[in-house]
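Trainee: Pasting a structure here, questions to come.
Numbering (the numbering used here), first residue to last: 464 to 666.
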């Protein structure tokens with residue numbers, strides 16, 4: 464849920480002067496990242512979630528303008544630094560600004576389904592999308608907010624340097640996955656050798 468204007472202003476003033484780039488210093492962290500679909504993982508992948516979440520706001524158009532500007536600043540910083548993970552996480556927050564604002568435009572109170580994913584997991588069954596509402600207070604502003612974030616998101620997804628970093632990340636991850644499979648095979652072979660050796664010694 465978006466915070467108040469005062470809280471959003473405070474959060475913007477607390478943004479890092481230099482955005483941290485932890486994925487550049489840790490291959491394990493970098494390789495644990497998943498691009499996934501849309502904005503999946505945006506609220507779980509640390510420490511980038513904690514770095515960027517305080518800057519993500521969309522309650523009103525002025526708040527969204529400040530938020531999108533700050534998140535785009537983070538995106539460009541990460542691209543220049545060569546930190547694809549940071550850039551992609553910033554892109555995900557910008558995309559989530561677009562989709563969440565659109566949800567509030569389509570559904571009064573922002574509730575899209577009759578039950579949460581957690582309730583489905585706990586109780587089983589399926590969830591039903593609620594009927595869209597029209598004419599509710601704030602609808603037009605949320606549509607403008609969604610369009611604002613959409614414009615910034617498009618800038619991110621068409622950025623050539625970002626796309627190049629994405630290509631390099633995908634290639635690096637494929638190489639890393641091959642290394643992991645090879646290591647597992649070698650470990651399995653070592654275990655097999657040890658078992659055979661123990662059987663011989665026992666005989």
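Don't be surprised by glycine CBs; every beta carbon is placed ideally from N, CA and C.
1. From residue 641 to residue 635, what does the alpha carbon distance come to, in whole angstroms?
2. Could you work out which residue in 496, 506 and 513 is closest to residue 482 when comparing CA atoms only?
3. Across the region 542–552 and the region 521–531, are there enough close Cβ pairs to call them in contact, namely three or more that are closer than 8 Å?
4. Using a Cβ-Cβ cutoff of less than 6 Å, which residues in the same chain neighbour residue 602 once the five nearest sequence positions on both sides are dropped?
5. Helix or strand or just coil, what does DSSP make of residue 612?
6. What does the Cβ neighbour count give for residue 549, buried or exposed, with the cut at 16 atoms within 10 Å?
7. Does the distance from the C-beta atom of residue 559 to that of residue 502 stay below 7 Å?
8. Hey, residue 604 and residue 524 are a contact pair by Cβ (cut 8 Å); roughly how many whole angstroms apart?
9. CB-CB under 6 Å to residue 628, same chain, minus the five flanking residues each way: which ones, in chain order?
10. Return the residue from the list 522, 537 and 553 that minimises the CA-CA distance to residue 566.
Mentor: Let's see:
1. The residue you call residue 641 lines up with position 178 of the chain shown. The residue you call residue 635 lines up with position 172 of the chain shown. Between residue 641 and residue 635, the C-alpha separation is close to 10 Å.
2. The residue labelled residue 482 in the question sits at position 19 within the chain shown. Nearest option by C-alpha distance: 513.
3. no
4. For the purposes of this step, residue 602 is identified with residue 139 of the chain shown, where counting begins at 1. Closer than 6 Å at the Cβ level, and outside the excluded window around residue 602, lie 568.
5. Against the chain shown, residue 612 aligns to sequence position 149. Of the three classes helix, strand and coil, the one that applies to residue 612 here is helix, per DSSP.
6. Sequence index remark: in the chain shown, residue 549 carries index 86 (1-based). Label assigned to residue 549: buried.
7. Counting from one through the chain shown, the residue named residue 559 turns up at place 96. Counting from one through the chain shown, the residue named residue 502 turns up at place 39. For residue 559 and residue 502, yes; Cβs fall inside 7 Å.
8. Numbered from its first residue, the chain shown carries residue 604 at position 141. Numbered from its first residue, the chain shown carries residue 524 at position 61. Correct: roughly 6 Å between the Cβ atoms.
9. Residue numbering aside, residue 628 sits at position 165 when the chain shown is read from its first letter. Contacts found: 547.
10. As a working note, residue 566 is residue 103 in the chain shown. The shortest Cα separation from residue 566 among 522, 537 and 553 belongs to 522.
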